[in-house]
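So the protein lines, in turn, are chains Y and E.
Residue numbers for the first sequence follow the working numbering, so the first one is 1 and each next one is one higher.
Residue numbers for the second sequence follow the working numbering, so the first one is 1001 and each next one is one higher.
Shown next, in structure tokens, is the structure this report addresses.
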Amino acid sequence: MLSATPAVSLGPGMSSRLAISAAAGEPDRAWVSALRVAGPKRDEAIARLHNLLVRAARHEVSRRRAALSHVRGEELDDLALQAADDALVAVLAKLDDYRGASRFTTWAYKFALLEAGVRLRRRAWQEREVVLEPEAWPLMAGAGKSPQSQAETGELMQAVKHAIDGCLTEHQREVLVALALNGVPLDVLAERLGTTRGALYKTLHDARRKLRTDLAQRGFTLDSI
Amino acid sequence: MDKRTHDDTLKRLLGPAEPELLCEECFEKIDEYVELELQGAEADDRIPGMRAHLEGCPACREDYDSLRELVQSGQPNN
């Protein structure tokens, strides 16, 4: 069954509402045309589209199977089908946004990969605790580097720690630590915090800008990072 | 004093130095970006900020890798 609205959202989104580019190929125009006009032709196009989205979702499952070896194959295929269903809803809802900048099939695929990827990341973390306190600081020593390089890295790391403690809001600090130090996937943290990937990445982005600004003011050269 | 380092953890903490797209903009353009790359076009010139975002955002990076792999594996008959 299709849900009324797509299950996955990155955030508010960008609705361009532009006409299809003249560069779009005839097959792409045919897809859009068939999906717009009610009738048997549309039903047939929707069935073909759904098949493509299932293919894409199963591709995503296949890429992640190693990380999900503890999950039964039937459950993974069910997740793929759910992802394809929700991607179909999203594609049809956003049909007016398709501008022909890529092939229609490539454009449609990305919705299925997003839906499947989010589901699979969340499934992989289903029984895992999300830790918002630093877990990885001790692993930061520059193994294999020269003593001078290790000292420089250590000095920079101390400055980064100082900046994290002194410049960031509590929310920025928690998000940065969870994502950048503890390896929590963005979509998993977004779900636990009741927000979207886009909003959370904006928080991470702003936190990183603050750190870079603070470090630059302290005289650190960050060109290579 | 040279304080440069290539530590992966620092890269994750500090993110890309260059201006970058955010996730919604990345999703909006990722299909075009992948096709430009596969055509050998100047994808980074046409869509500035995408490469930096893919370096900074692991989730979008995975979506990009997957889409590129899927498209490379062959388009269906339209």
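Ideal Cβ placement from N, Cα and C applies to all residues, glycine included.
Query                                                                                                                                                                                        : Result
Reducing DSSP to helix, strand and coil, say where P40 of chain Y ends up.                                                                                                                   : helix
Hey, does P40 of chain Y have any beta-carbon neighbour from chain E nearer than 8 Å?                                                                                                        : no
Does DSSP put R128 of chain Y in a helix, in a strand, or in coil?                                                                                                                           : coil
Go ahead and label L139 of chain Y buried or exposed: buried means 16 or more other beta carbons lie within 10 angstroms of its beta carbon, across all protein chains shown.                : For L139 of chain Y, the pLDDT reaches just 45, beneath the cut-off of 50, and the residue's location in the model is therefore unreliable, leaving the point undetermined.
Kindly list the residues whose CB is nearer than 6 Å to the CB of A141 of chain Y, restricted to its own chain and excluding five residues on each side of it in sequence; keep chain order. : Its pLDDT being 49, under 50, A141 of chain Y is placed unreliably in this model, and the value from its coordinates should be taken loosely. Same-chain partners within the cutoff: there are none.
At least one CB of chain E closer than 8 Å to the CB of T106 of chain Y: is that the case?                                                                                                   : yes
Would you verify that the beta carbon of G194 of chain Y is, or is not, closer than 8 Å to some beta carbon of chain E?                                                                      : no
Between the C-alpha atoms of H171 of chain Y and M1050 of chain E, what's the straight-line distance to the nearest angstrom?                                                                : 26 Å
At what residues does the alpha helix (DSSP H) containing L81 of chain Y begin and finish?                                                                                                   : 73 to 93
Rounded to whole angstroms, what's the CA-CA distance from E1028 of chain E to T213 of chain Y? Just pull it up for me.                                                                      : 29 Å
Determine, for V89 of chain Y, whether the minimum Cβ-Cβ distance to residues of chain E falls below 8 Å.                                                                                    : no
Within 10 angstroms of its Cβ, does H1118 of chain E collect 16 or more other Cβ (buried), or is it exposed?                                                                                 : Residue 1118 of chain E is absent from the structure shown; chain E starts at 1001 and stops at 1078.
Check each candidate in Y:V61, Y:R218, Y:A159, Y:L120 and name the one with the smallest Cα separation from V188 of chain Y.                                                                 : Y:L120
In the DSSP assignment, the alpha helix (DSSP H) including Y1064 of chain E goes from what residue to what residue?                                                                          : 1058 to 1072
Could you check if V37 of chain Y is buried or exposed, using at least 16 other CB atoms within 10 Å of its CB as the buried criterion?                                                      : exposed
CB-CB under 8 Å to M1 of chain Y, same chain, minus the five flanking residues each way: which ones, in chain order?                                                                         : The pLDDT assigned to M1 of chain Y is 37, lower than 50, so where the model puts this residue is not dependable; a value taken from the coordinates is nonetheless given after this. Counting only Cβ-Cβ distances below 8 Å, and skipping sequence neighbours, we find D85.
Would you call the CB atoms of D961 of chain E and K110 of chain Y closer than 8 Å?                                                                                                          : Absent from the model: residue 961 of chain E. The displayed extent of chain E is 1001 to 1078, so no value can be given.
Just checking: is the beta-carbon of P1058 of chain E within a distance shorter than 8 Å of some beta-carbon in chain Y?                                                                     : yes
Starting from the Cα of Y201 of chain Y, find the closest Cα among Y:Q217, Y:D223, Y:V177, Y:A124 and give me that residue.                                                                  : Y:V177
Starting from the Cα of R1012 of chain E, find the closest Cα among Y:L204, Y:G73, Y:E74 and give me that residue.                                                                           : Y:L204
Residues of chain Y with CB closer than 8 Å to the CB of D1063 of chain E, please, in chain order.                                                                                           : K110, L113, L114, G117
How big is the Cα-Cα spacing for A199 of chain Y and L1014 of chain E?                                                                                                                       : 18 Å
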